[in-house]
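Numbering (my numbering), first residue to last: 1 to 551. By construction, the Cβ of each residue, glycine as well, lies at the ideal position given by its N, Cα and C atoms. It should be emphasised that the depicted structure is a prediction, and the values quoted were computed from it without experimental measurement. Each remark here refers to the structure printed beneath this line.
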């Protein structure tokens with residue numbers, strides 16, 4: 001047993017309202033600059049739909065992820081070292097800009113500089129790549145809310161096998177939202193595809209990052225990632241991807257997308273896993289068994305033997321305690337509600353999803369029946385195979401049984417808690433039908449509906465005391481003081497918005513202090529600094545040297 005820690009996320013799709021707040025805040029934080037105008041580390045897709053980039057799930061075309069060879073060994077679906085070498089200067093499996101979209105802006109100057117004329121001047125779109133006039137034909141969420149679904153909805157690769165059952169007429173269709181970020185997989189194919197070895201997985205928390213110094217822009221990682229969450233910056237010639245907001249999580253803050261989520265659908269926490277089981281799980285012959293195989297990789301943080309092995313592996317005690325309180329572990333392993341996105345890619349993704357019950361509930365309600373009754377919901381889950389089969393194609397490689405089990409538990413929770421909220425006697429038989437107790441259903445309801453900030457985000461701060469000392473040398477100015485050249489003093493919110501800020505743990509520690517305090521930080525909260533620019537050279541400025549110790 002080789003215990004390692006991994007930061008993971010679970011999203012409750014029933015609570016996503018498709019507002020795209022997470023996409024906008026992520027965009028403004030990480031990719032609001034030249035070269036990555038088309039890049040969305042976080043995007044929200046409407047399903048059924050083509051996704052972003054278009055048809056990224058069609059691995060017969062893109063050849064992303066892993067597959068089993070003739071001898072049952074894992075190999076990259078896009079080919080091994082020889083194939084990578086032969087196609088290194090001309091990658092045939094690389095998405096083009098048309099598969100994403102051509103970013104644009106508008107010629108706003110026309111609105112103010114146009115001469116007098118009969119018609120109102122128009123700000124026409126211009127490409128951000130070439131600067132030439134362009135026609136807007138697609139974007140990251142062009143098919144939002146099933147827009148244009150009658151024309152191109154059938155292109156969704158996940159409709160394979162059920163396309164004759166799905167109708168995109170307004171009265172007969174179903175939809176839900178699917179937020180996506182990098183999966184930070186246990187077995188990342190992007191890292192294995194990189195010829196330069198620039199993509200690495202951090203051993204302390206499992207976050208997958210790109211070393212910008214080592215990256216040579218081969219873009220094999222873009223082809224190798226089956227989720228297409230690695231992007232190419234055409235200005236710098238480097239690959240970029242979701243960082244899981246590592247400067248924030250290192251100080252105990254959630255990611256920007258989770259922090260700003262309106263629906264509060266995201267949960268972040270630690271899971272402990274056995275690194276020696278990863279290869280075995282990813283090599284499971286039947287793709288339908290991959291979800292359960294990955295669950296077996298995760299360890300019980302309450303097991304004394306696991307705790308001893310974790311401490312022996314150097315995992316801090318507070319991290320083990322955080323794993324014991326992790327909502328992610330509870331939703332994945334305890335309540336078994338969360339499912340991975342496309343386990344058939346064999347990357348062992350670490351962003352899991354709770355499938356939505358709302359498509360089933362909506363149908364029951366539209367027929368005039370009680371949408372909260374467990375009997376009606378159980379019957380609807382069995383009868384309405386279209387949403388269930390589609391969800392199975394997304395989360396369980398086509399196996400409807402795990403999806404059925406999750407939807408039944410969600411339906412049982414709705415019915416059981418309605419009785420409690422209406423003052424009725426709780427019916428334990430409802431919980432027993434889904435293999436749970438009334439107490440477990442109540443705890444699950446609290447986690448999904450009432451959990452507070454500290455319960456949804458259980459993120460232990462990183463132990464990087466020595467590394468932080470080196471970091472300060474590179475990010476702090478020796479002339480920085482309260483109100484001085486670097487404006488290093490802690491002040492009100494937004495005092496330095498708009499200026500470039502170095503990615504340093506110290507900056508996020510200050511941010512955490514401000515977010516968790518009732519007032520803005522006072523100057524005494526930081527170490528004292530001396531303004532040498534205003535020193536006249538006479539005497540010894542107060543604070544220049546530490547105070548003398550009294551004998």
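Which term fits residue i, buried or exposed, when burial requires 16 or more other beta carbons within 10 angstroms of its beta carbon?
i	result
residue 301	buried
residue 393	buried
residue 374	buried
residue 2	exposed
residue 555	Look at the range of the chain in this structure, 1 to 551, and you will see that residue 555 is not part of it.
residue 106	exposed
residue 421	exposed
residue 11	buried
residue 34	exposed
residue 297	buried
residue 268	buried
residue 148	exposed
residue 562	The question about residue 562 has no answer here: the residues shown for the chain are numbered 1 through 551.
residue 206	buried
residue 335	buried
residue 122	exposed
residue 82	exposed
residue 358	buried
residue 449	exposed
Going by DSSP in three states, residue i sits in which element: helix, strand or coil?
i	result
residue 458	coil
residue 32	coil
residue 305	helix
residue 408	helix
residue 390	helix
residue 471	Caution is warranted here: a pLDDT of 45 is assigned to residue 471, below 50, making its placement in the model unreliable, and the coordinate value is therefore given only provisionally. If DSSP states are grouped into helix, strand and coil, residue 471 belongs with the helices.
residue 39	coil
residue 352	strand
residue 434	coil
residue 340	strand
residue 283	coil
residue 121	coil
residue 426	coil
residue 335	coil
residue 114	coil
residue 91	coil
residue 19	coil
residue 159	helix
residue 482	Bear in mind that the predicted position of residue 482 carries a pLDDT of just 43, short of 50, making it too unreliable to give a figure here.
residue 185	coil
residue 546	coil
residue 357	coil
residue 53	coil
residue 377	helix
residue 418	helix
residue 97	coil
residue 13	helix
Could you name the residues that DSSP lists as bridge partners for residue i?
i	result
residue 230	241
residue 201	208
residue 246	DSSP output for residue 246 lists no bridge partner at all.
residue 8	269
residue 46	177
residue 126	105 and 133
residue 67	75
residue 3	274
Would you kindly report the start and end of the unbroken alpha helix (DSSP H) that includes residue i?
i	result
residue 59	59-62
residue 86	81-86
residue 150	149-152
residue 290	290-297
residue 321	317-324
residue 220	220-224
residue 449	Note, residue 449: premise wrong, no alpha helix (DSSP H); not H, not E.
residue 259	256-259
residue 191	189-193
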